[in-house]
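**Student:** I'd like to ask some things about the structure below.
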Amino acid sequence: MPELPEVETVRRGLASVVTGRRVDAVRVLHPRPVRRHLAGPDDFAATLAGRRFAEPRRRGKYLWLPFDDGDALLAHLGMSGQFRVDAAGAEAGRHTRVVLGLDDGNELRFVDQRMFGGLSLSPGGADLPSEVAHIGRDLFDPDLDQESVVARIRRRGSGIKRVLLDQTVTSGIGNIYADESLWRAGVHYDHPADRLAPRRVRALLGAARDVMTEALAAGGTSFDALYVNVNGESGYFDRTLDAYGREGQPCRRCGTPIRRERFMNRSSFTCPRCQRPARG
DNA sequence: CTGTGGTCCTGTATGC
DNA sequence: TGCATACAGGACCACA
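The first sequence begins at 293 in our numbering and counts up by one.
Shown next, in the form of structure tokens:
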């Protein structure tokens, strides 16, 4: 489940291997990941050929590979998307969906089992694709105005986890890091956002930034082969998760068994003692 | 505008 | 053994 630290790990991996490389032939093996390219898979392949990559960029969970002509290849990994860089002759896995030949004999391969992710060409999108314009700045963005994020969060009446997962408020947080941040800050997932004091919201955002910084240093979180870096290696941050996936195991702060509950049609892991629901 | 719930996808795990 | 069902969930969209 690629969230900000995993996408940033991929971005860094791509930066060292695709920057300055020219795209040769492109093969689309499955049409779904290029569904946002309305002119179709063949046009997608033809329009990419011959362009040269600049340094990959990211906002939240969106990743884009600018070309030196001002356009960009926009990517979202969805649930299970991966970028792999392999020698052109190397065997490709069965979930390989799009292959971009590069001018150094390598191939950039977009691999995606569940195909929630995808690629598209963003005209003029080198600096910030229009498709990403509605996404809020993430907590690693030097231009983030944190106090305006705090204010936006506190204008919302829904549960705080729903607001954390709203990528237009601040981006990059998914189900795993939402649960981890809430655990660290001692906040219940369904606490109405507009009933959290400003200092608690600041603490929550600080916790989110901390946990994602630590995850990034560990190369990202992974439970299986669904998230890997561009060399096919998994991160190991899952060994240090405090809440997510720890149902029945003792809270590392107070020893109370972690509880799993359904919220927004997904699992939420909380400590029933450290994260009390709001009263009323 | 805000809030909510359905939908897309496939592989793995579990139940009968 | 085999079939059906649940589950994983990010982004988007329809609708109240």
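Even for Gly, the Cβ is constructed at its ideal location relative to N, Cα and C.
Bear in mind that the values here come from a model prediction, so they are computed numbers and not experimental data.
1. For Gln541, does the count of other Cβ atoms within 10 angstroms reach 16, so buried, or fall short, so exposed?
2. If distances are taken between C-alpha atoms only, which option among Met504, Leu496, Thr339 comes closest to Leu411?
3. Expressed to the nearest angstrom, what Euclidean distance is found between the alpha-carbon atoms of Ile452 and Ile550?
4. Would you say Gly416 and Gly362 are within 8 Å of each other, going by their C-beta atoms?
5. With a CB to CB cut of under 7 Å and the five nearest residues on each side skipped, what residues in its chain are close to Val455?
6. Are the beta-carbon atoms belonging to Arg304 and Leu394 less than 8 Å from one another?
7. For Pro569 and Arg494, I'd like the C-alpha separation in whole angstroms.
8. Closest by CA to Ala346, which one among Ala317, Phe375, Pro333, Ser308?
9. Looking only at its own chain, which residues have a Cβ that is under 6 Å from the Cβ of Ala418, when we skip the five neighbours before and after it?
10. What did DSSP end up calling Leu365 once you bin it into helix, strand or coil?
11. So who's on the other strand from Val320, going by DSSP bridges?
12. To test your reading of the DSSP string, which unbroken alpha helix (DSSP H) runs of 4 or more residues are found completely within the stretch 408-488?
13. In angstroms with no decimal places, state the Cα-to-Cα distance between Tyr469 and Ala477.
14. Compare the beta carbon distance of Gly409 and Pro325 with 8 Å and say whether it is the shorter of the two.
15. Under a three-way DSSP split, which group does Pro508 fall into?
16. Rounded to whole angstroms, what is the Cα-Cα separation between Val310 and Arg344?
17. According to the Cβ coordinates, are Ala382 and Gly397 closer than 8 Å?
18. I need the DSSP call for Ser560, collapsed to helix, strand or coil.
19. Helix, strand or coil for Glu539? Go by DSSP, reduced to three states.
20. Does the Cβ of Asn467 have 16 or more other Cβ atoms within 10 Å, making it buried, or fewer, making it exposed?
21. Within this structure, are the beta carbons of Ser463 and Gly498 separated by less than 8 Å?
22. Express the C-alpha separation of Ala489 and Pro294 in angstroms, rounding to a whole number.
23. Going along the chain, which residues of its own chain have a beta-carbon closer than 6 Å to the beta-carbon of Pro323, five neighbours each way excluded?
24. Exposed or buried, Asp404, counting other C-beta atoms within 10 Å across all chains shown (16 or more means buried)?
**Tutor:** A quick look at the data gives this:
1. Translated into positions along the first sequence, residue 541 becomes position 249. That one is exposed.
2. Residue mapping note: residue 411 aligns to position 119 of the first sequence, counting from 1. Checking every option, the nearest Cα to that of Leu411 belongs to Thr339.
3. The sequence position of residue 452 within the first sequence is 160, counting from 1. The sequence position of residue 550 within the first sequence is 258, counting from 1. About 19 Å.
4. Numbered from its first residue, the first sequence carries residue 416 at position 124. Numbered from its first residue, the first sequence carries residue 362 at position 70. Yes; because the gap between Cβ atoms is below 8 Å, this pair is in contact.
5. Within the first sequence, numbered from 1, the residue matching residue 455 stands at position 163. Once the five neighbours on either side are set aside, the close Cβ partners of Val455 are Ile445, Arg448, Val461, Ala485.
6. Start at 1 with the first residue of the first sequence, and residue 304 comes out as number 12. Start at 1 with the first residue of the first sequence, and residue 394 comes out as number 102. Not in contact: Arg304 and Leu394 (Cβ atoms no closer than 8 Å).
7. As a first step, residue 569 is located in the first sequence; it is residue number 277 there, counting from the start. As a first step, residue 494 is located in the first sequence; it is residue number 202 there, counting from the start. Each residue's Cα considered, the two are about 19 Å apart.
8. As a working mapping, residue 346 is identified with position 54 in the first sequence. Measuring from the Cα of Ala346, the nearest candidate turns out to be Ser308.
9. Counted from its first residue, the first sequence places residue 418 at position 126. Once the five neighbours on either side are set aside, the close Cβ partners of Ala418 are Pro358, Gly362, Ala364.
10. Counted from its first residue, the first sequence places residue 365 at position 73. Of the three classes helix, strand and coil, the one that applies to Leu365 here is strand, per DSSP.
11. Within the first sequence, numbered from 1, the residue matching residue 320 stands at position 28. Beta-bridge pairing links Val320 to Val390.
12. 438-445, 452-456, 467-477
13. Taking the first sequence and counting its residues from 1, one reaches residue 469 at position 177. Taking the first sequence and counting its residues from 1, one reaches residue 477 at position 185. Cα-Cα distance, rounded: 12 Å.
14. Reading the first sequence from its first residue, position 117 is the one you call residue 409. Reading the first sequence from its first residue, position 33 is the one you call residue 325. Yes; because the gap between Cβ atoms is below 8 Å, this pair is in contact.
15. Residue mapping note: residue 508 aligns to position 216 of the first sequence, counting from 1. With the sequence shown as reference, residue 508 is identified as Leu, and Pro is not the correct amino acid for it. Leu508: helix per DSSP, three-state reduction.
16. For the purposes of this step, residue 310 is identified with residue 18 of the first sequence, where counting begins at 1. For the purposes of this step, residue 344 is identified with residue 52 of the first sequence, where counting begins at 1. Using only the alpha carbons, I get a separation of about 9 Å.
17. Within the first sequence, numbered from 1, the residue matching residue 382 stands at position 90. Within the first sequence, numbered from 1, the residue matching residue 397 stands at position 105. Against a cut-off of 8 Å, the Cβ pair of Gly397 and Ala382 comes out as no contact.
18. By 1-based counting over the first sequence, the position of residue 560 is 268. Of the three classes helix, strand and coil, the one that applies to Ser560 here is strand, per DSSP.
19. Looking up residue 539 in the first sequence gives position 247. Coil at Glu539, not helix or strand.
20. Taking the first sequence and counting its residues from 1, the one referred to as residue 467 is at position 175. The residue in question, Asn467, is buried, as its Cβ has 16 or more Cβ neighbours within 10 Å.
21. Position 171 of the first sequence, counted from the start, is the residue given in the question as residue 463. Position 206 of the first sequence, counted from the start, is the residue given in the question as residue 498. Result no, Cβ atoms of Ser463 and Gly498 do not sit closer than 8 Å.
22. Position 2 of the first sequence holds residue 294. Position 197 of the first sequence holds residue 489. Computed Cα separation, rounded: 30 Å.
23. Position 31 of the first sequence, counted from the start, is the residue given in the question as residue 323. Cβ within range, chain order: Pro333.
24. Against the first sequence, residue 404 aligns to sequence position 112. Per the 10 Å Cβ criterion, buried.
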